[in-house]
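S.K.: Just so we're aligned: the sequence shown equals residues 118 to 263 in the numbering used here. Before I ask anything, here is the structure I am working with.
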Amino acid sequence: MTKPIYILNGPNLNLLGTREPEIYGADTLADIKAACVATAKTAGFAIEFRQSNIEGELVDMIQEARAKASALIINPAAYTHTSVAIHDALKTLDIPAVEIHLSQPAKRESFRQTSYVGQAVMGTISGFGANSYQLGLQAVINLLKP
Ligand code: DQA
């Protein structure tokens, strides 16, 4: 049995759908999860989809993924721009890891111009709204498929 693909979500993403929809879109996190589960199922993979507002919990989830995941996709939200702890946890992985964002941080405020996460993952997909999750998922599925 192939290990699941972990999809981790950082702070405030539990509010998707109502949180600044002009930036993040109308889809809820539950909508995004359902679309990811469907895409992964078609390709023969399971998804472990989680969200936390707490930095240390995200570190724990990344550590868990070391043994339990086949690949990891993460939208670290605001921790993207601040978290050395998440960077360090991602550096311990020897599975494919992809950073995703709904918005395009490069087009936004100056404090979003640094990603501590981008330096610790294989690649980054941003700016495609909820479709960033699908594109990230497709990237890891392509890597995992024999
Ligand atoms: C985000 C971008 C981050 O800068 C922001 O703090 C978020 C969401 C995105 O998906 O566009 O919370 O990660």
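The beta carbon of each residue, even a glycine, is placed where N, CA and C say it ideally should be.
1. In the DSSP output, which residue or residues are listed as bridge partners for residue 254?
2. Check whether the Cβ of residue 199 sits closer than 7 Å to any heavy atom of the ligand DQA, and report yes or no.
3. Just to check my reading of the structure: residue 263 and residue 239 have Cβ atoms closer than 8 Å, yes? What is that Cβ distance to the nearest angstrom?
4. Please report the residue range of the beta strand (DSSP E) in which residue 198 lies.
5. What does the Cβ neighbour count give for residue 197, buried or exposed, with the cut at 16 atoms within 10 Å?
6. Pick out whichever of 123, 255, 220, 232 has its Cα sitting closest to the Cα of residue 138.
7. May I ask you to verify whether the region 197-212 touches the region 144-162, counting CB pairs closer than 8 Å and requiring at least 3?
8. Going by Cα to Cα distance, which pick from 230, 151, 129 is closest to residue 141?
9. Is it a yes or a no for the region 224-232 touching the region 198-208, going by three-plus beta-carbon pairs under 8 Å?
10. Run through DSSP, which three-state label would residue 228 get?
11. Does the contact criterion of 3 or more C-beta pairs under 8 Å hold for the region 162-177 versus the region 120-129?
12. Which residue's Cα is closest to the Cα of residue 194: 207, 183, 170?
13. Any heavy atom of the ligand DQA within a distance shorter than 7 Å of the CB on residue 192?
M.R.: The short version:
1. Here residue 254 refers to the residue found at position 137 when the sequence shown is read from its first residue. According to DSSP, residue 254 bridges with nothing at all.
2. In the sequence shown, residue 199 corresponds to position 82, counting from 1. Every heavy atom of the ligand DQA is 7 Å or more from the Cβ of residue 199, so no.
3. In the sequence shown, the residue the question calls residue 263 occupies position 146. In the sequence shown, the residue the question calls residue 239 occupies position 122. No, residue 263 and residue 239 are not in contact; Cβ-Cβ is about 19 Å, not under 8 Å.
4. Position 81 of the sequence shown, counted from the start, is the residue given in the question as residue 198. Careful: residue 198 lies outside any beta strand (DSSP E) and carries neither H nor E.
5. As a first step, residue 197 is located in the sequence shown; it is residue number 80 there, counting from the start. Residue 197 should be labelled buried.
6. The residue labelled residue 138 in the question sits at position 21 within the sequence shown. It is 220.
7. no
8. Counting from 1 along the sequence shown, the entry for residue 141 is found at position 24. For the residues 230, 151, 129, the minimum Cα distance to residue 141 belongs to 129.
9. yes
10. The residue you call residue 228 lines up with position 111 of the sequence shown. In this structure, residue 228 counts as helix in the three-state DSSP scheme.
11. yes
12. By one-based count along the sequence shown, residue 194 stands at place 77. Checking every option, the nearest Cα to that of residue 194 belongs to 170.
13. Position 75 of the sequence shown, counted from the first residue, corresponds to residue 192. Under cutoff, so the answer is yes.
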